[in-house]
Amino acid sequence: MGSMVQATDALMAYMSAIGARETAAQIRCREETAAHPAAIMQIAPEQGAVMAVLAKIMGARRYLEIGVFTGYSALSVAQALPTDGKVVALDISKEFTDLARRYWKDGGVEGKIELILGPAYDTLDKMIAGGAEPFDFVFIDADKPAYDGYYERALKLVRQGGLIAIDNMLFFGRVADPEANDDHTSAVKALNTKIHADPRVDMGLASVGDGLMLVVKR
Numbered sequence: 432m433g434s435m436v437q438a439t440d441a442l443m444a445y446m447s448a449i450g451a452r453e454t455a456a457q458i459r460c461r462e463e464t465a466a467h468p469a470a471i472m473q474i475a476p477e478q479g480a481v482m483a484v485l486a487k488i489m490g491a492r493r494y495l496e497i498g499v500f501t502g503y504s505a506l507s508v509a510q511a512l513p514t515d516g517k518v519v520a521l522d523i524s525k526e527f528t529d530l531a532r533r534y535w536k537d538g539g540v541e542g543k544i545e546l547i548l549g550p551a552y553d554t555l556d557k558m559i560a561g562g563a564e565p566f567d568f569v570f571i572d573a574d575k576p577a578y579d580g581y582y583e584r585a586l587k588l589v590r591q592g593g594l595i596a597i598d599n600m601l602f603f604g605r606v607a608d609p610e611a612n613d614d615h616t617s618a619v620k621a622l623n624t625k626i627h628a629d630p631r632v633d634m635g636l637a638s639v640g641d642g643l644m645l646v647v648k649r
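Structural data, given as structure tokens:
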């Protein structure tokens, strides 16, 4: 087994300080969200940076996000897309996404982002039925019991060779605990196992943030 660094508080603080080049809008989004009662839902800055780099490497133009919260991940990727790039962002919360819209405006990317409010399954099914133009990159960061359904729909909406990134796939370390069998942990464990054996994709689980599963559609 290869070596893996221990994620101490000091190391995580270093990662946050040096692991990303944040714009003023990203800093404002991150710092203001840190005071929010649901702040645990926000991705780390270095994760946003990794996702932005992946988008650039791919030459991504169309990005689909399932689960927006206060908008940091959509902001990170939108900034990395070309001027004619498009973000389609799905969420159920007007409260959270009203905050997101403010940061997107601050970052000068609101014109790239289409926000669709409502149950994501319904929106995704409408996209599939309507023959939506394929996406280059899909990010899933929403309710864990629904993850498998999001994954299956994302596979239909992403192009061949496109990327699906799925957040929280280490789920605070609970995936390694055989006694952790609540609905959320069980859903993450099951999807990790499924993707590991899925012949439709190439995959790798990165330890950035809370575990970022990277999947490329064959």
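Position in the sequence shown (from 1) plus 431 gives the number in our numbering.
All C-beta atoms, glycine included, are put in the ideal place defined by N, C-alpha and C.
All of these numbers come straight from a predicted model, not from anything done at the bench.
Taking C-beta atoms under 8 Å as the contact rule, isoleucine 474 and serine 504 qualify, at a distance of about 5 Å. The C-alpha of alanine 509 lies about 8 Å from the C-alpha of lysine 517. The C-beta distance from methionine 634 to leucine 643 rounds to 11 Å, too long to fall under 8 Å, and the pair is not in contact. The stretch 569-582 and the stretch 621-635 touch, with three or more beta-carbon pairs separated by less than 8 Å.
C-alpha of phenylalanine 602 to C-alpha of leucine 485: approximately 22 Å in a straight line.
If you draw a straight line from the Cα of aspartate 574 to the Cα of glycine 490, it comes to about 29 Å. Going by DSSP, lysine 648 is part of no alpha helix (DSSP H) but of the beta strand (DSSP E) stretching over 643-648. When Cβ pairs closer than 8 Å are counted between the two stretches, the stretch 514-531 is seen to touch the stretch 548-558, the count reaching three or more. DSSP places phenylalanine 603 within a helical segment (H, G or I) once states are collapsed to three. Minimum Cα-Cα distance from serine 638 among the listed residues Ala611, Ile597, Val540, Ala441 corresponds to Ile597. For leucine 530, the enclosing alpha helix (DSSP H) stretches over residues 525-537.
Between aspartate 567 and arginine 492, the CB-CB gap stays under 8 Å.
Beta bridge pairing from DSSP links glutamate 496 with Ala520, Phe570. Secondary structure at valine 639: coil, using DSSP grouped into helix, strand and coil. Counting the other CB atoms within 10 Å of its CB gives glycine 538 a total of 16 or more, which places it among the buried residues. As DSSP reads the structure, aspartate 633 sits in a beta bridge with Val647. Scanning the stretch 445-483 for uninterrupted alpha helix (DSSP H) segments of 4 residues or longer gives 455-464, listed from N- to C-terminal end. Counting along the chain, no alpha helix (DSSP H) covers glycine 542, and no H or E run does either. The C-alpha of valine 606 lies about 17 Å from the C-alpha of glutamine 437. Counting C-beta atoms within 10 angstroms of its own C-beta, glutamine 478 has 16 or more neighbours from the protein chains shown and is therefore classed as buried. Here valine 499 is near alanine 531, since their CB atoms are less than 8 Å apart. Across the structure, proline 565 and valine 589 are spaced so that their CA atoms are roughly 5 Å apart.
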